[in-house]
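For reference, the structure discussed in these notes is given below.
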Ligand SMILES: [Zn+2]
Ligand SMILES: [Zn+2]
Ligand SMILES: [Zn+2]
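Protein chains in written order, with the UniProt record's numbering: chain A, 1 to 640; chain B, 1 to 640; chain C, 1 to 640.
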């Protein structure tokens, strides 16, 4: 498939007389796609029921005339002020019970039926007008679900919807009491109407209560999205897309994706390094102007898993952003590097955010491809270079990676609800595994938690760390697979109700092992491992007959195996992760990469991305800081 | 007295068919006592007024049949959900004005008259049914007062009760205005009904206002407890007990204890080290799996002071807990060590929490003596060993310690309200003194703040650091005693209304000294002391004729004395504390102990407890890490 | 002008029989002024409408009899409790929506019309009674505007007043929508009544919205003050004064000052170092008992700029305070040093807070000149020495400083609203510049942001760092001045509506330069500068033809100039600030001072103040720690 570039554009921010020139310049830069409309509700429907599509018609016409394909957004992330007059109770409440007021964006509760209906109605109106318009080549629904912590709402609407959800799931309040173990502190309910949201309790709420609320909240996002999908589907054949964010984990993206056609995400490498990644000061200083070397790749691989490989970068950082604690500029070359990295991981489109930096409002310090004074910003030349390179490049053809990594949103919720140790974070654990694989040059595919035996076919290794509860399909697959698999730590120790599995987990097929006890450890405490490395944060005491491959210094079993399946009883440090990759991926060609260099294989090429701030030598080539290189790949040289 | 073991058990969590086996196993392990019922209200009274005692009758019968003695708890810490329908305003409010909702435990305001009455009524119902039942050998009232910050409530009920309390204490609002100095910022009131709770003021509230609220809140706990005592006393002769917590200081435990027969507390050494003790990272790492070497002993000594020496450990940590930021396992041996340490300090009973780890709800990660899969957990063997050792051991007979240490809850409130320096904490100061005494092998008795001359008889040294206001009895005792006493710093400088004492304190008998000025210091600032050591956090400028025993480097008086009474004008560092113990305890045999080793003398034996993670040599014996040793004690070898 | 001393006194706190002796002692100590009344509303009007002036009459008479001149305060900072019965909605709300309750002080919202009226009425009552009384030589209006974060209120009164303010400023809601760029996220309003205060939004509110709220809130303070000025002006000829605080920036002090006659401020050097200044631990430890060596001088210079040079220190710290996290005592000599420093900077009066330490209520740990037991505190002797020295000293005559520094409250609001980097703080930037000037012995005058060409006459250098928007008068002045000026970083890049300036700023006269891009940097990231020093926190990319005087290591322009005007494109470290002072102040005699020593020139003398904790040699003289020295100044020896 031929890869293309896009850009996000807000015609409503600029004089109409500038649109044609903007469109021409986009086209000249080699841009194919333009996303519009997703924040424009107050211009599309200035008063309730009074629509104004004239400007949008003109914008579409102008952009299409320049040869651009349009992604049209539904504007439900920014309901206009009059919507609040209609639905004064549509706002979310935070966990402290405060309303999250109008004045920015995402000021709605997913559980509010009235606003949900109004948003779907808006999608219908747009669908009727533009659904069969060939210039509208794709749709974006809403914008960045979960951004600004907007999944969990404690509003009246949420409370009532939660009670309905519980009634449907448990059928009887007695069943709920039993499932949650409400006898524990006399927390038993007589009716669903007595059940409140799990905020503001005197001490921690029942984890089962919180877990149910997490599942409910995720379902509310799915249902919210589905309402608009339901409105648009009959009206258009263009693909439906949502633009997810980085490390937003409060809803199940796989579940949302089931209703959509293409996944996309918004990639802000430098902001993300600063505001949502662990890492010591040296790491953050080293990658200050590049972003973490694995964060983008991880999300590329994650979102590639959503819709049978169809995915985009809907928003690509093109320069300094405005919303992180500190906002440095990308190193020269990084915009190109990020773009090519996305393509190497299979993106169909990389779309820059935004065309021109706005001179007003919240994001006026967020760079675009153009400066607010209509001069080219630094990113434009790099984007243009990518467009030119794309023209030279043969199609980027995807190929299955040698390693599969399982990712499960519900496990994140489980460990947030019941961390047991302040540093136990699911994403961090999975990301540590991902980084370990990538340090050895391996390409990775991400699988959903209900991956089946069929889904595992073709992989040479499977990693599934930290799964709170293993799904039935995955358990079945593990029972028969011959692929080396790593499970653990803290895997399958809980039921889906977040109670303790009995018999004690992990209850893996043909692996006689049980976790007799767990310990969480403060950051400075390491438990050394025989042969090198250490565990930290978390360590389990195993009992059972499965033989140990790796043990603690005192001989305690740390990694056990039945030959294929491996269970890991602690949180590895970097050195131990390296040993684990060596062990599980022994049958895959690997090589330890220079610090900051990363590889990615397509069907035909190997790409190298140098995230380091200095040049790195690789494969006989010197790759400059922020540089990209690629080589044709013969079958025998493929490593990961 | 013969010491015994107990365990906490929740028959309502388990199938009835398992109870008999559980009871048999408890007995087999050497357990004497079993505590039940304290969270079971929703099973005892599933609907308002509809009681169900069948299961409890059966549980009592089953446990008693196995030879176990029962502690029956009143369930008022966990009112069932229907109680909120009856009293929607029974919830506490936090200082920010948020309700502290149903969904965990302790969801009530001590000032709510309706729920107080309902809880007392439940005690009456239980007392009528079981008060004369010989199988019920003791009662526990409520559970862990003050846990989860539940003493201070800002509810309407609290506001109204506070006004009544003020009216009773001050009789006229004019008297209150004068006592508080409300003229200061035109804070004068015209009536008690104008007085609000001291939260959410623009800047700090009048400290006298806050101190009155603290006294009131403590009295509300006393009154709450007394209501149930009043219900049970006519109905039973079994002793009434409450289980206090560690470092919960918001109410006066001495005052609660006056209505009870036995004090008990819940000892979680590893959790407490992590979540409620000062200490640098090295200290916390060293004792990660043992707990602070003095925290348990301090509370043993404190609660021994409550009811003429009658005290228990009602809940003893038996393995990893769930509620601290990090939850490692105890070193092998620690469960035994903690148990023996309690006995050496005079405990009648050590009761483990809990029999079997629950597989659901909030505490499912909290270890028991049994695992959730009904297999023995690590703690069981150690408990069983203690039971066996108890059988071998002659009675543990208490003896008066050589050193008395005064502890006063109101001083904690005073310095919380008016810290003057961010690091001035009363408990920390007293605990530093306690640690210094224990580093030299001294056994300590704790005395209440109104200790009399009679109470001091027999001690060789008295320490009373940081008393906001000295009580009349203690002042009278100090006027005549010949025992070396250490008073200060910041002692008797304030009135009980938290205004400045005039003449300037400490106003000690026969000690011509006044604190002319105080300074608080940031952590990095030390003021060296002539001869070794330093003061930190706090230093006073003394004037008056009392001679100095220790001075600052520039000659300022730091420790002054009249020969018997010593006043200390600063917060000592460790080296200075050691000097002070040498000085005040010069007439007591002492010896500097290895790091982590602690001694405790009974009437007949000296016990040594090795909290260190390595073996320590002592008295010609090598005591392993987490080890206990004891020797018969001849009168001349007794040191502390 | 002859300089004099004053003191703050609260006769209502003490028995009437003590007043005469207090007054006599004040006079004996050389004190000229006494401030009274500013917190005494509950005694002046114990019940609504029932006044009691008897005690105040007597206090005035007693003080005046001793020869003291009286500053009478209006008591509006402490409305009595009955005022809340009258205006239950007069309280401010914090940003979380919580009321800021009665029980301390400043418990009112500046926007509450009813209380504003009541406060003005009280001023009228006082003015009628005492306005022509010759013993009342000055008035203080209210107390410490903005203290305890009391400028920004989110009450209903504030919301309604904000809407009115917006309506008056923008006239039409369409104009507001355009000015704020509300199209950005469909934030457009249909009427002013839809506009809420900018708190509790889901993510950041529109910076234009927040900036308007900031301007409004400042105007409310101005209007509040003006209401009392309006009440008093017709009734008295005595000067009207307000006592500002240190680093309180939420309202425009220049605007308040326009209605007053004399500026004053409350100088607490040690508290301010601890609770409101940046600085590493070594700096804070070194100056723990002296205060920052530039903080007082900066505010002296700032408040001297308010009312044509007429200013006082209304409250001078005389010993340890009570309100900082840690409260050490001043080094001996510091009370004298602070006093003389104020006079050297032009203060007419230095008034100590307070005469006698109160033995009750919030500030009972705050030292006075007298102890609570009526003995002299350490500060009294130093104050008395200053009084004696003043008698010996010729008049302190002010002279224009060689350097002007522009200070703009609105720039602080702008960068608080839109920091772009977590460490970008306007005050910190300006204060860094001020410190750099003072390190070289320069005296500084502060100018308002709308300084004109006339205002610049006589200066040899002008520093104007960090101005969000340059005023028209200042821009005009810069266009013609021949004085070396330093502008930048981040200067004139925004409009007054906090939108991006177009063409891109700084748009300075005859300086072809534009800021093409900005970057904010985390604390550990430094960008070295060719020739020495570095930039941190903030760096801009310049384009344009103006030649560079200083460049980054890679050659990027950092300081550009047209010969007179210099634009600085980054936040300098200390070494770079020194270079900048060398460059801009090349024509002024300077000398690098020992660490902690500071100079200040009057018309006739050079003063040296040694803030260091050790003696420093200067001008052939050894100045002890906390010492002051002065020399007659000949015109040719004047440096700064
Ligand atoms: Zn976005
Ligand atoms: Zn407990
Ligand atoms: Zn003040």
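Each residue gets a CB set at the ideal place from its N, CA and C atoms; glycine is no exception.
Test: residue 78 of chain B CB closer than 7 Å to a CB of chain A: yes
Beta-carbon spacing of residue 66 of chain C, residue 337 of chain C below 7 Å: no
Closer than 7 Å at the beta carbon, the chain C residues around residue 169 of chain B: Chain C residues near residue 169 of chain B: none, gap ~17 Å exceeds 7 Å.
Proximal residues of chain B, C-beta to C-beta of residue 490 of chain A below 7 Å: Simply none; closest approach about 11 Å.
Partner residues on chain C for residue 515 of chain B, Cβ-Cβ distance less than 9 Å: Ordered by position in chain C, no residue passes the 9 Å Cβ test against residue 515 of chain B, which lies about 10 Å from the chain.
Nonlocal neighbours in the same chain, by C-beta distance under 6 Å from residue 584 of chain C, ignoring five residues either side: 461, 484, 486
8 Å contact criterion, which residue 499 of chain C and residue 359 of chain A should meet: CB distance rounded: 5 Å
Contact belief for residue 387 of chain B with residue 64 of chain B at Cβ below 8 Å, rounded distance in angstroms: Not confirmed; about 19 Å, so no contact.
Where residue 287 of chain C meets chain D, residues with beta-carbon distance less than 9 Å: In the structure shown, chain D cannot be found, because the protein chains are A, B and C.
Residue 552 of chain C (DSSP reduced to helix, strand or coil): strand
Option in C:212, C:389, C:448 with minimal Cα separation from residue 257 of chain C: C:448
Length of the line joining the Cα atoms of residue 269 of chain B and residue 296 of chain B: 7 Å
Cβ-based neighbour list, residue 128 of chain B, same chain, cut-off 8 Å, excluding 5 preceding and 5 following: 235
Nearest-angstrom Cα separation, counted from residue 150 of chain A out to residue 263 of chain B: 48 Å
Validate contact between the segment 130–143 of chain A and the segment 172–192 of chain A using beta carbons, cut 8 Å, 3 pairs: no
Candidates B:107, B:520, B:116, of which the one nearest residue 274 of chain C by Cα: B:520
Proximal residues, the segment 177–190 of chain A versus chain B, C-beta separation under 8 Å: 180, 181, 182, 183, 184, 185, 186, 187, 188, 189, 190
Any chain A beta carbon closer than 7 Å to residue 334 of chain B: no
Any beta strand (DSSP E) of 3 or more consecutive residues that is wholly inside the segment 343–373 of chain B: 349–352
Residue 639 of chain C versus residue 306 of chain C - alpha carbon distance: In this predicted model, residue 639 of chain C has a pLDDT of only 49, less than 50, meaning its place in the structure is not dependable enough to derive any value.
Short CB-CB distance (under 7 Å) between residue 206 of chain A and chain B: yes
Status (buried if at least 16 other CB within 10 Å, exposed otherwise) for residue 146 of chain B: buried
Within-7 Å CB hit, residue 368 of chain C to chain A: no
Contact residues within the segment 252–285 of chain A, judged by C-beta distance below 8 Å to chain C: 274, 281, 284, 285
Whole-angstrom distance between residue 587 of chain B and residue 570 of chain A, CA atom to CA atom: 53 Å
Closer than 7 Å to chain B by CB, residue 46 of chain A: no
Own chain, CB closer than 7 Å to residue 301 of chain C, minus 5 neighbours either side, in chain order: 345, 444, 445, 446
Own chain, CB closer than 8 Å to residue 225 of chain A, minus 5 neighbours either side, in chain order: 141, 142, 145, 242, 256, 259, 260
Beta-carbon neighbours of residue 102 of chain C, restricted to chain B and to distances below 9 Å: 187, 194, 196, 201, 202
Closer than 7 Å to chain B by CB, residue 210 of chain A: no
Rounded separation between residue 432 of chain A and residue 424 of chain A - CA only: 12 Å
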